[in-house]
Amino acid sequence: MAHYQRAGSVPPKRHTQHRDPDGKLYYEELMGEEGFSSDSSLLYHRHVPSAVTGARIWQMPDQSTEANLPLLPRHLKLHTLFDGEEWKSCDAVRDRRLVLGNDDVRISYVVAGAESPLYRNATGDECVYVEAGSGTVETVFGDLVVGPGDYVIIPRATTHRWVPDDALRLYVIESNGHIAPPKRYLSRYGQFLEHAPYCERDLRTPSDPRIVEDQDVEVYIRHRAGGTVHVLPHHPFDVVGWDGCLYPYAFNIADFEPITGRVHQPPPVHQVFEGPNFVICNFVPRKVDYHPLSVPVPYYHSNVDSDEVMFYVGGDYEARKGSGINVGSVSLHPGGYPHGPQPAAIEASLGAERFDELAVMVDTFRPLGLGEAGRVCDDGVYAWTWARRS
1 MAHYQRAGSV PPKRHTQHRD PDGKLYYEEL MGEEGFSSDS SLLYHRHVPS
51 AVTGARIWQM PDQSTEANLP LLPRHLKLHT LFDGEEWKSC DAVRDRRLVL
101 GNDDVRISYV VAGAESPLYR NATGDECVYV EAGSGTVETV FGDLVVGPGD
151 YVIIPRATTH RWVPDDALRL YVIESNGHIA PPKRYLSRYG QFLEHAPYCE
201 RDLRTPSDPR IVEDQDVEVY IRHRAGGTVH VLPHHPFDVV GWDGCLYPYA
251 FNIADFEPIT GRVHQPPPVH QVFEGPNFVI CNFVPRKVDY HPLSVPVPYY
301 HSNVDSDEVM FYVGGDYEAR KGSGINVGSV SLHPGGYPHG PQPAAIEASL
351 GAERFDELAV MVDTFRPLGL GEAGRVCDDG VYAWTWARRS
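Printed below as a string of structure tokens:
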């Protein structure tokens, strides 16, 4: 994030001596993006942050994808992936199941009831949408208390863990780069502009960092070659203070102010974040088009440059009535395929003044393959639903 934050104890000037009450030097760590040329923060540790006493391979869950062949729109039923009581022993890191993915972004789903291990994604930023449940994301910067509707943005290589209060349903969007608010919402210096649908006041930053004294702790690391577990001689939550413009934060979907018009507005007005070769949008309860002849549901459109993934998380989604899609569904509309509302939904929407719907959309600019979870929860019939006239 562009706006500066400071927490705990930091020295008056960066890269200068900072000592504890007994005179021992703290260890300064620069966590920065794009080779010292973008956002960064300075963290002050009680122990050497590079110290490792052991390492082993982490055999990650199946990360393979299969091409969407034959090319079809698909309906994926995420709520069928964690049946019964199995979620109670699942954690938010090791039990993620890959739904869709390409070389830029991976979309996973997990229902977690157990505390995760310490985790660091060294591949890219993560945007985790909390569909349901509550808990705490403990990070090296401090803690974030999260609940339904929260987006949690976790910068690449941030050591953290998920601690659920109850069943945490998480929709995980993992980037191979960085995730940020759209550039068009920001001034050249990084401040949110007046036309942006949210601003700095809507973002929740971590609590002050806290010291954990555990020794010989494990950190699970995702990296480009796979997974590794490092054993550390001291707990990484040993930061006495930090400052800078790079840190995890939370933003609740209820604080997104929808942009509406007299006629139907295109998907970019719903954008909330962007990453390399993909965007994240959300559709929230809102007043709809108020031209006297408006058609409130979307027009048919061909995403010639992108695959569109919609995760339906609440409300009553007008355009998909009659398709079988409901809360917990994901629709995949691939590039090269024209799509839009179910036929009966068009007439049914005329005269509507408001839509009560909640959805998170990811548009990618490279084709998405089906992950293990996407393959097993595909309903197999969604592609034929437009052929029904009522």
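Per the UniProt record's numbering: the sequence shown = residues 1 to 390. Cβ atoms here follow ideal geometry from the backbone N, Cα and C, with glycine treated the same way.
Counting C-beta atoms within 10 angstroms of its own C-beta, H3 has fewer than 16 neighbours from the protein chains shown and is therefore classed as exposed.
Only residues of its own chain outside the window of five on either side were considered, and among them T65, I107, L368, G369 and G371 have a CB closer than 7 Å to the CB of G101, listed in chain order. Residue state for I211 is assigned as coil, using DSSP reduced to three classes. Residue burial annotation: S37 is exposed, with fewer than 16 other C-beta atoms found within 10 angstroms of its C-beta.
In the DSSP assignment, S331 falls within the beta strand (DSSP E) that extends over S329 to H333.
Rounded to the nearest whole angstrom, the C-alpha separation of D143 and S207 is 5 Å. Taking 8 Å as the cut-off, the beta carbon of V229 is found closer than this to the beta carbon of A55. Cβ neighbours of N326 within its own chain (closer than 8 Å, five residues either side excluded): Y312. In summary, H291 is exposed, with fewer than 16 beta-carbon neighbours lying within 10 Å of its beta-carbon over all protein chains present.
Straight through space, the alpha carbons of D289 and D166 are spaced by roughly 39 Å. In this structure the segment 156 to 170 does not lie against the segment 266 to 276, because fewer than three pairs of beta carbons, one per stretch, are closer than 8 Å. Contact check for A112 and C90: beta-carbon distance about 5 Å, within the 8 Å limit, so the pair qualifies. Taking a 10 Å sphere around the C-beta of L118, we find 16 or more other C-beta atoms and assign the residue as buried. By the criterion of a C-beta distance shorter than 6 Å, D214 is surrounded in its chain by H235, once the five residues flanking it on both sides are discounted. The alpha-carbon separation between G335 and T139 amounts to approximately 38 Å.
Using a C-beta cut-off of 8 Å, the segment 44 to 59 makes contact with the segment 12 to 28, since at least three inter-stretch Cβ pairs fall below that distance.
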